[in-house]
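S.K.: One structure coming up, written as structure tokens, with questions to follow.
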Amino acid sequence: MSRATVSSVNVRRPLLYVIVGAVLALAGSLVPASRPAAGGAAEPPAQAVPGVGAPSPAPCTEVEDSLRPGPLPPPGAMPVGSTMAAIAERGRLRAAVDQGKYRVGFRNPATGELEGFDIDVARAIAQAIFGDPDRIQFVVVDIADRASVVASGQADVTVNTFTVTCARQQVVSFSAPYLTATQRLLVPRGSGIREIEDLAGRTVCTSAGSVTVDVLRRTDGVRVVALPGIPDCVVELQAGRVQAVSSDDVVLAGLAAQDPQTEVVGRALDSARYAVAVPKGADDMVRFVNGVLERARADGSLEASRRAWLGEVLDPLPTIPPPAYRD
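Using UniProt numbering, count along the sequence shown one by one with no gaps and you end on 327.
And the structure:
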């Protein structure tokens, strides 16, 4: 079976990202995806004013561990009535991904195929359901829509450098983390910027809906611009409209590898743990994905993918964290 093409893309995102050394252009037949209506945000809405409208939800205080995996059924034999059986009946897994993060989730300009570490994780889930990693429909989304695209039913999973947070767990359910990362800065070489404090009075760009926004806004004197995706920020950096881009080292290292006029600098501003998001309450799918990840850890395929995609651009490599389960 040939590789599945992207059949859904958010057209609010620019269709061309100019990154020195590579052009991540759309390939194949693309059909615009419906963007979730206002209110379908990546993070839960602000709490209501006490005494007005709906009661305020309980405060979100800590991240909970994921669900323990159960036995993996053979491909093509998903339990009757399960979330996985519904996906199997449709004939394809719908996976929300990115196409602009080099070596993590990106479109290979030579082949038109989506590739990278996150793409390998998504294909492993399709393999476990169908026995065929190509039975997959990639849904390309803005970072801010990673939760809402799953919550609204437009995708079955999100595999898109998606960090587990307490607030996001109110909207979607997460697998156990499959990779760690640290937040740093991408700057032009020779800029003199080495740490976040050097950006006082200057502008740094990051992706809307990401946890990096809050981290950056805690630094006095730094102006923060949030755009749909990190490639959009890189365009602003190259045009001189911002002086730095901040994101996870996994993402920034790929960008620096494409543009030799930039470099990754600074101490770790925060840490992140990437996990697969599924619809809230789909506990069977959470356990199934965790089973897929457990097997990938055990057979070495997750480690092999990590080294193949990230080993040439990051030293030290991000770690694959041991899973922790709540039951």
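Where a beta carbon is used, it is the ideal one built from N, C-alpha and C, also for glycine.
For R194, which option in P73, E115, T262 and D232 has the closest C-alpha, if you only look at C-alpha atoms?
M.R.: Start at 1 with the first residue of the sequence shown, and residue 194 comes out as number 194. Selected option, being the one with the closest Cα: T262.
S.K.: Would you mind working out which of E197, P228 and A122 sits nearest V215, comparing C-alpha positions?
M.R.: The residue you call residue 215 lines up with position 215 of the sequence shown. For the residues E197, P228 and A122, the minimum Cα distance to V215 belongs to E197.
S.K.: What is the DSSP secondary structure of V292, counted as helix, strand or coil?
M.R.: Residue 292 sits at position 292 when you count from the first residue of the sequence shown. Residue state, collapsed to three classes: helix.
S.K.: Where R307 and L317 are concerned, what is the direct C-alpha to C-alpha distance, given to the nearest angstrom?
M.R.: For the purposes of this step, residue 307 is taken as residue 307 along the sequence shown, with counting starting at 1. For the purposes of this step, residue 317 is taken as residue 317 along the sequence shown, with counting starting at 1. Taking the straight line joining both Cα atoms gives about 8 Å.
S.K.: Counting beta carbon pairs with one atom in the segment 206 to 215 and one in the segment 276 to 295, are three or more of them shorter than 8 Å?
M.R.: Touching, no.
S.K.: Hey, could you find the ends of the beta strand (DSSP E) P188 is sitting in?
M.R.: To locate residue 188, count along the sequence shown from 1; it is residue 188. Per DSSP, P188 belongs to the beta strand (DSSP E) from L179 to P188.
S.K.: From G240 to D232, what distance separates their C-alpha atoms?
M.R.: Your numbering for residue 240 matches position 240 in the sequence shown. Your numbering for residue 232 matches position 232 in the sequence shown. Distance between the alpha carbons of G240 and D232: 13 Å.
S.K.: If distances are taken between C-alpha atoms only, which option among R223, M78 and T180 comes closest to V276?
M.R.: Residue mapping note: residue 276 aligns to position 276 of the sequence shown, counting from 1. Checked all of R223, M78 and T180; the closest Cα to V276 is T180.
S.K.: If you follow the alpha helix (DSSP H) that E236 is part of, which residue opens it and which one closes it?
M.R.: To locate residue 236, count along the sequence shown from 1; it is residue 236. E236 -> alpha helix (DSSP H) spans I230 to Q238.
S.K.: Decide if D133 is buried, meaning its Cβ has at least 16 other Cβ atoms within 10 Å, or exposed.
M.R.: In the sequence shown, the residue the question calls residue 133 occupies position 133. A small correction: the amino acid at residue 133 is Pro; Asp does not occupy that position in the sequence shown. With 16 or more other Cβ atoms within 10 Å, it is buried.
S.K.: Going along the chain, which residues of its own chain have a beta-carbon closer than 6 Å to the beta-carbon of L237, five neighbours each way excluded?
M.R.: As a position in the sequence shown, residue 237 is number 237, starting the count at 1. The residues are V245.
S.K.: So what does Q261 bridge to, in DSSP terms?
M.R.: The residue you call residue 261 lines up with position 261 of the sequence shown. Looking at the DSSP assignment, Q261 forms no beta bridge with any residue, so it has no partner.
S.K.: Can you tell me which of the three DSSP states A151 falls into?
M.R.: Start at 1 with the first residue of the sequence shown, and residue 151 comes out as number 151. DSSP places A151 in helix when its eight states are reduced to three.
S.K.: For A96, does the three-state DSSP call read helix, strand or coil?
M.R.: The count along the sequence shown starts at 1 and reaches residue 96 at position 96. In the structure shown, A96 sits in a strand (DSSP, three-state: E or B).
S.K.: CA-CA distance, Y325 and P73?
M.R.: Start at 1 with the first residue of the sequence shown, and residue 325 comes out as number 325. Start at 1 with the first residue of the sequence shown, and residue 73 comes out as number 73. Roughly 20 Å separates the two Cα atoms.
S.K.: Going by the beta-carbon positions, is the gap between D327 and R90 smaller than 8 Å?
M.R.: The residue given as residue 327 occupies position 327 in the sequence shown. The residue given as residue 90 occupies position 90 in the sequence shown. It is not a contact, given that the beta carbons lie outside the stated cut-off.
S.K.: With respect to the alpha helix (DSSP H) encompassing residue 376, which residues constitute its N-terminal and C-terminal limits?
M.R.: Since the displayed the chain opens at 1 and closes at 327, residue 376 lies outside it and no answer follows.
S.K.: Under a Cβ-count criterion, where at least 16 other Cβ atoms within 10 Å of its own Cβ denotes burial, should V80 be classed as buried or exposed?
M.R.: For the purposes of this step, residue 80 is identified with residue 80 of the sequence shown, where counting begins at 1. Exposed is the call here.
S.K.: Contact defined as beta carbons within less than 8 Å: I believe D120 pairs with T182. What is the distance between those atoms, to the nearest angstrom?
M.R.: Residue 120 sits at position 120 when you count from the first residue of the sequence shown. Residue 182 sits at position 182 when you count from the first residue of the sequence shown. Not confirmed; about 21 Å, so no contact.
S.K.: CB-CB under 6 Å to P279, same chain, minus the five flanking residues each way: which ones, in chain order?
M.R.: Position 279 of the sequence shown, counted from the first residue, corresponds to residue 279. Excluding sequence neighbours, P279 sits near V150.
S.K.: For the beta strand (DSSP E) that contains L227, what are its first and last residues?
M.R.: Taking the first residue of the sequence shown as 1, we reach residue 227 at position 227. R223 to L227 is the span of the beta strand (DSSP E), which, as asked, contains L227.
S.K.: Please classify S210 as buried or exposed, where buried requires at least 16 neighbouring CB atoms within 10 angstroms.
M.R.: On the sequence shown, residue 210 is found 210 positions in, with the first residue counted as 1. Buried, since its Cβ has 16 or more Cβ neighbours within 10 Å.
S.K.: Would you kindly work out how many angstroms separate the C-alpha atoms of G100 and I143, rounded to a whole number?
M.R.: Here residue 100 refers to the residue found at position 100 when the sequence shown is read from its first residue. Here residue 143 refers to the residue found at position 143 when the sequence shown is read from its first residue. Roughly 11 Å separates the two Cα atoms.
S.K.: Smallest Cα separation from Q170: which of I87, F130, Q243 and A147?
M.R.: Taking the sequence shown and counting its residues from 1, the one referred to as residue 170 is at position 170. It is A147.
S.K.: Throw me the rounded Cβ distance for the A95 and V159 pair, which I believe falls under 8 Å.
M.R.: As a first step, residue 95 must be located in the sequence shown, where it is residue number 95. As a first step, residue 159 must be located in the sequence shown, where it is residue number 159. Contact flag correct, Cβ pair sits at about 6 Å.
S.K.: May I have the straight-line CA-CA distance separating residue 337 from E303, to the nearest angstrom?
M.R.: Any answer about residue 337 is impossible in this case: the structure gives the chain only from 1 up to 327.
S.K.: Within 10 angstroms of the Cβ of D315, are there 16 or more other Cβ atoms? Answer buried if so, exposed if not.
M.R.: Numbered from its first residue, the sequence shown carries residue 315 at position 315. Exposed is the call here.
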